[in-house]
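Mapping to the working numbering: the sequence shown position 223 is 674, numbers consecutive. Every residue, glycine too, gets a C-beta built ideally from N, C-alpha and C. Source: prediction; values computed, not measured. Reading through the structure tokens given below for one structure.
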Amino acid sequence: MQREYPLRHISLRVPWHDNGWSGRVCKNPKRNLSCLRLKNILLSKNENDEDEIKGKAFNELADNEIPPCLGERGSFMSEFSFTKDKVHPYSTMNMKTHDHFLPTSFEYTPYSAVGVPYRWMLKGNMEQFGKNYGLNLNEYLEPALGFNTSWIQAKQNQKELLDCFFSHIKPQESICIFYAKEVPFVEDSRRVIVGVGRVIKVGEAVEYNYSEDKEIKSILWERNLQHSIRPDFKDGFLIPYEEVIKFSEKNSDFPLKDMIAFAPDDKFDEYSYATEHMSNDNVIESLLNCLKALKTIEKYVETDCSCQIKWIDKTLENIWKFRGAYPGLGAVLCALGISLGNIIAKDIQDKLKEDEDPWNYLDKVFNNPSKYLSSDLSGFIPKLLCEVWSTMNNDRKKYLKLLSRFELTSEEALMLFDKANRSKEGIYSEDIEFLENPYKIYEMTRESKLPISIGNIDRGIFPLEAIANKFPLEKPSFFDSGLDKRRIRALIIEVLEKTADEGHTLLPIEQVRQRLEKLSIRPECLINEDILNLAESYFDNEIYIITLKNGKKAYQLKRLYNMESFIRAIIEKRAMSSKYAINVNWYQVMQEEFGDLDDIKNLYEKQLENRARNEKSMALKVLSENKISALIGDAGTGKTSVINLLLSVEEIKNGEVLLLAPTGKARVRMEEGNTELNIKAYTIAQFLSKSKRFDWNTFRYKMLGKCEERSYGTIIIDEASMLTVDMIASLLECIKKAKRIIFVGDTRQLPPIGAGRPFVDIVEYLKTKDSLSAELTVLRRQKEINSVEREDLSLAGWFSGQPLTPDEDSIFDIIEGRKSTEYLDFVQFEGEEDFFDKLMTILKEELNLKNETDINSFNKSLGAIESDGKTYFNLGAAKKIEDWQILSPVKNPAFGCNSINHWIHNVFRSDTLEYSRCKKRKIPKPIGDHEVVYGDKIINVMNHSRECFPKELGKGYLANGEIGIVVDGFKSKEYTNIEFSSQLGVKYGFSYKDFSDEKDINPIELAYSITVHKAQGSQFDTVILVIPKNCRIISRELIYTALTRQKKKIVILSQESVHALKKYSLDNSSETAQRLTNLFIQSTPIYNEEKNTFLDVNLIHRNSKGDLFRSKSEVIISERLLAHGISYGYEEPLKLNGKTRYPDFTFENDYGDIYYWEHCGLMNDLGYKKRWEDKLKLYKVNGITPIEEGGNLIITYEDGTNGIDVQYLDSIIDKIN
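Structure follows, in structure tokens:
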């Protein structure tokens, strides 16, 4: 008897296509790299061949010309049919077991997609599927092939599983959702929905043709799924992403993600494995996400989406009916101990009358299973469970009934089932708590390894009105409307959690309300101030109400409030405690370490070194004497040498020293920097996992509410700018009794990925105290020559957020005029073709390539050795792997890392790729999404343990961010051996088993180009920095970080002029200032509606008009000008005999006379003073003289001893006005 399975919907993965999935070749195959995220396309796509036939219909092509995207549903919108022969993969491997398999014709029907449920075909899942669905599977039918395979091979098992899978899909009722793993227009790892329709027809199974009758047989896993989407969008739709792309090119400040329909965050598995079942709840949330995106597109892009919106509204009503009131009944029955709980739930549903409650029927089932269940199912309910049910109290049944209102997996239902199961996951609650407030299920599981989404709870509480009326919630769970205090609290928590992911630790209530209105929920949560005031009484310390500096209110999560309070308390107590008495002459220590200063003959170099040693002496005094301190400085200023000198002192060295870093790469760098001291470093995650303050399952840092008893001596925390609030709070709780805690980093670099900017806030606080922070400013790694500051460092200064020295603006003219200097080249490009042409020119020059085909020289730049006209990568090659590095802000778009890496692969690795795929190869096959081969430069992107050789030399551990090279290719065909620059002479083996296309597991990636974020904490001899035009992710900190990665030289390859880059140097482009926190000072946020970003007034210089400046003194000057009714321009370009300068202020008086104002704020600095004198000469040569000389140049000064004199400013303005 054919079993009736519950209705399921289906997700279908498609590659990104620039021709509408119309059954035609892409318009620009060479530039569509997003499709390469799918392994089958990656291994088979020939870009040059496709370029020859671009735009052509598949039915016009020969069988061998059809692009591989066909097999990945790349033609699901084709209006015509075509056939293609399917060849069993094992029949091409000269295997006797499959030599009877013949090519089998398969028809791709119009408007259809081929469904291939890969997860169901895995041997490892066979037992579970058999158990869940009562299938007749037999592992002993699986044939012996002479090699191991993960896939099910026996025809009977294949058919049983595939029939079961596709039997869940009901024509005319099941929804099909098409999604892409990667699209070229957004930098996001989430799945992107591209279209939605109904399944019209499920195709029949097709068996392979055979030349003779043998034991091994197989059926094609593919089945055609005809869908309802047509170009008129009357029954299904595509999202108009092509129009979105055009809009985004002209509106770079618009939050593009508002126009993208992302798959729900908590339903990753249902958007995996190419073809997978989808629950009703997932479809509802996915459609709501589509609705939100389409409404935004319609509003801003000015394209008609009314058909799509109308269809979604109609379809949602139908899906709700399929869902019903109790979608989790099967999962709850499974949690009770019934093995076929989902099948039995479907059987019960089929036997119900229209308005009958399944929970009333369930009482009958447990009383007499054989009478009320189908004969083949009644035996699956043990007598013991019938007795348990009969004695179960009413509140317990109420709780289980409540759980069944949510679409839970069996695993989720088991976790929530009872108090004992919940406590295992750290959820300490009674059933009654969830009954009284079902939203607590979301609140209390959101940090667990099985979080239940708020959308899941919301749909259970507020189903379709007709369903709610038939099956109303009972008290105390009942809700009379969507504006219930319990719901409002949970939704605000959800908003605040998303806000924390963006980097904020609190959110003003006005923005809370706006974000609540944007949530993909029904009923919507539209609340006014009165409702919010009432809801606050129910926050119950889950949400804290914060008063901002401007008197307005903000909300903060309990977790973040407690963490920030704890950090603040620890830092403040340590800052106010007594100092240690350290009897060390630090200057003398440096003399002994670095040699006598008098040995330096160059006068300027001697002065610079003396200044550097004075800075380091002061820093060592600060770090050694205080219980809390911070060491700040750019890469190359000597932070590592200061730490090493500190730790070399017996008194400190003999106390237990702990070295910590936020990332694996930073940890490796710490160990490399103290090789003589031989102190082991740890990542913060490694260290905290020992005390269970870091959970490897959820990747969350957490506080335990108790401090460790162990006392440490000195604790050094490097790359502190990368620390989140969660990390620092958890860490301080663990090391509370340490003698010294020292944060080391650069506040001008990128803020952390996560909540807060704690290092910046801690440093700003320590600066207000006596000698608790030290800053190193003299660069000794990237040395100035002959008292002339290096151009690369001068340009970086513009993006440091610090006040600039006079004549600093000359750097733009120097770069624009000369283009190329010893330390910096600036190359401007226009489009994609021009970009790659100029990148090739740069590589030829920087890597000393003879021409574009000089692969040997390219290989030698990566550490290869040459022998008999060929190059080889042996152990030791990794010594040169960080000699040069291409950096880009992004991974995906045209000028992102993926595109650059792919281009380099095509240019310099095409022969190796071809050889690695042939049968006579002597090197490993390509592995991973990036097709890594022998000689490739790679980056490890996962912290993990791994065997290495030789074991005694290696660490057996690879950190995220370590860069290496594939070596010893001719010694193993099975393993790709990689040597990392941090572990020279050691190789780590990788194979195809380390990668998972569906789970997005790729431990290594190509690294000819990496993102600026990935490069944080690293240094390279030469850096090639790509800066695309209108790139949304670019910030002041990102450019600063990129401009400080090179030791010798940086080449900037920019789509904009060097003068145009200046716009990123102001506070409104500061990612750090855009974060809202209240660690030490309450925020005063300014919200930019146009950019959808904040600016924290505490970290910017802003006047009453709202204009932004580089210094407080400039703010004061602007206020005086405004007070006198004078309009001004700030840093407006001024052409002086072909040179461009940016005077602080430009304005006219009442008579039309133009004046320029320059404020010099550090005249006590000799270098600063010299620069100003040079700039003043330029002004005078061009006829702009000081007002004291009868000219139109106003000059005001500060020398570091007194502030700016407001009365003097007024007198100047009065004189000229």
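Check, Outcome
"Locate the alpha helix (DSSP H) running through T1647, then write down its first and last residues.", "Run containing T1647: none in the alpha helix (DSSP H); it sits in the beta strand (DSSP E), L1644 to Y1648."
"If you check the beta carbons only, do F913 and P974 fall under 8 angstroms apart?", "yes"
"Using three-state DSSP, classify I1236 as helix, strand or coil.", "Because I1236 carries a pLDDT of 44, less than 50, the predicted location of this residue cannot be relied on, and the following value inherits that uncertainty. I1236 falls in the strand class under three-state DSSP."
"Could you tell me how far apart the beta carbons of L947 and G1207 are, in whole angstroms, since I believe they sit closer than 8 angstroms?", "With a Cβ gap of about 13 angstroms, L947 and G1207 do not count as contacting."
"Using 8 angstroms for Cβ pairs, my map puts V783 next to S855. What's the rounded Cβ distance?", "5 angstroms"
"Straight-line CA distance for R1622 to P959?", "44 angstroms"
"Going by Cα to Cα distance, which pick from F1446, P1209, C1482 and V1358 is closest to L1527?", "P1209"
"Taking the straight line between their C-alpha atoms, what separation do you get for E980 and E1107?", "54 angstroms"
"Specify the secondary structure class of E1449 as computed by DSSP and reduced to three states.", "coil"
"From the DSSP output, in three-state form, read off T1462 for me.", "strand"
"So Q1007 and L957 are supposed to be a Cβ contact under 8 angstroms. How far apart are they, rounded?", "4 angstroms"
"What number of angstroms, rounded off, separates the C-alpha of P466 from the C-alpha of L493?", "11 angstroms"
"Where does K685 land, buried or exposed, given buried means 16+ other C-beta within 10 angstroms?", "exposed"
"Do you know offhand how far N907's Cα is from D1177's?", "27 angstroms"
"For the stretch 656-665 against the stretch 1367-1385, are there 3 or more C-beta pairs whose distance is under 8 angstroms?", "no"
"Specify whether the stretch 589-609 and the stretch 542-558 touch according to this definition: at least 3 beta carbon pairs, one from each stretch, less than 8 angstroms apart.", "yes"
"Going by DSSP, what residue range makes up the alpha helix (DSSP H) through W771?", "S757 to R774"
"In the DSSP output, which residue or residues are listed as bridge partners for W602?", "L573"
"If you reduce the DSSP assignment to three classes, tell me which class N844 lands in.", "coil"
"Tell me the rounded alpha-carbon separation between D755 and K697.", "15 angstroms"
"CB-CB under 6 angstroms to S904, same chain, minus the five flanking residues each way: which ones, in chain order?", "D717"
"What residue from E968, G1002, D935 and W1335 has the CA that sits closest to A986's CA?", "D935"
"Return the Cβ separation of G933 and F857 in integer angstroms, given the expectation that the two are a contact with Cβ distance under 8 angstroms.", "Not confirmed; about 17 angstroms, so no contact."
"Should the stretch 486-505 be called in touch with the stretch 671-678, which here means at least 3 C-beta pairs below 8 angstroms?", "no"
"Terminal residues of the continuous alpha helix (DSSP H) containing R674?", "Not the alpha helix (DSSP H): R674 falls in the beta strand (DSSP E), residues R674 to H678."
"Considering only residues of the same chain and omitting the five flanking positions on each side of I1568, which have a CB-CB separation below 8 angstroms?", "D1595, F1596, W1608, H1610, T1647, I1655 and L1660"
"Comparing alpha-carbon positions, which option in F885, I680 and Q1137 lies nearest T1114?", "Q1137"
"Looking only at its chain, what residues have a beta carbon closer than 7 angstroms to the beta carbon of L1587, apart from the 5 residues adjacent to it on each side?", "L1629 and N1633"
"List the residues that DSSP assigns as beta-bridge partners of P959.", "A1005"
"In terms of residues, what are the limits of the beta strand (DSSP E) holding T1165?", "T1165 to I1168"
"Is T1492 helix, strand or coil when you go by DSSP?", "helix"
"In whole angstroms, what separates the C-alpha of E1405 from that of V1437?", "It should be noted that the sequence gives Gly, not Glu, for residue 1405. Cα to Cα, G1405 sits roughly 6 angstroms from V1437."
"In this structure, how does DSSP classify H1552 when only helix, strand and coil are distinguished?", "strand"
"Hey, quick one: how far does the alpha helix (DSSP H) through V650 stretch, first residue to last?", "Not the alpha helix (DSSP H): V650 falls in the beta strand (DSSP E), residues V643 to V653."
"Whole alpha helix (DSSP H) runs in the stretch 990-1069 with 4 or more residues, listed along the chain?", "1009-1027 and 1037-1045"
"Should I711 go down as buried or exposed, given a rule of 16 or more other Cβ atoms within 10 Å for buried?", "buried"
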